[in-house]
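Residues in the sequence shown are numbered consecutively from 1, following UniProt numbering.
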Amino acid sequence: MAKQHTNDGYQRAIFGALRTLMHFIVAVQFSYGIYYDFTYVHFPPGMHRPGGEFGGKLKFLTVWDAILQAIYFTVCLINDFIGTNEVAPRKTPLIRKLKDYMLAAFAFPVALNVGVTFWTLMAIDRELVFPKALDAV
């Protein structure tokens, strides 16, 4: 029986490390994607630039979603270090409450909306999402 208990501890440690690694990788990926998009992605001068008018790139829900996901996974990473990931902790830390609230109120609903809207518009007409004129970009 003691052997099984020891294996559970190892499993929890391994899954905790993998969870922290995943949160780190995803936070870095979203953060770098946002940085790269705002720093290096430029449309050719003769083309209509979707980010050139009022609001720039920030008028797109996809960009807001990427920023929100970067913030959310950074909060998850902080929670991995100073909070708790227990199913039912006796006292829930503030960072855990923030993480859970962000997931339920913002991160999941916005990501679901962006994904479903994108694929619905893509199924209806590709030109609504990604015009053929942008294929060369």
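No residue lacks a Cβ here, since even glycine has one placed at the ideal position from N, Cα and C.
Selected residue, minimal CA-CA separation from residue 27, among 80, 8 and 110: Sorting 80, 8 and 110 by C-alpha distance to the C-alpha of residue 27 places 80 at the top.
Own chain residues within Cβ distance below 6 angstroms of residue 74, not counting five before or after: 27
Simplified DSSP state of residue 90, which is helix, strand or coil: coil
Residue range of the alpha helix (DSSP H) that includes residue 130: Element bounds for residue 130: n/a, residue is neither H nor E.
C-beta atoms of residue 62 and residue 114 nearer than 8 angstroms: yes
Residue 87 to residue 105 span [Cα, whole Å]: Going from the Cα of residue 87 to the Cα of residue 105 covers about 19 angstroms.
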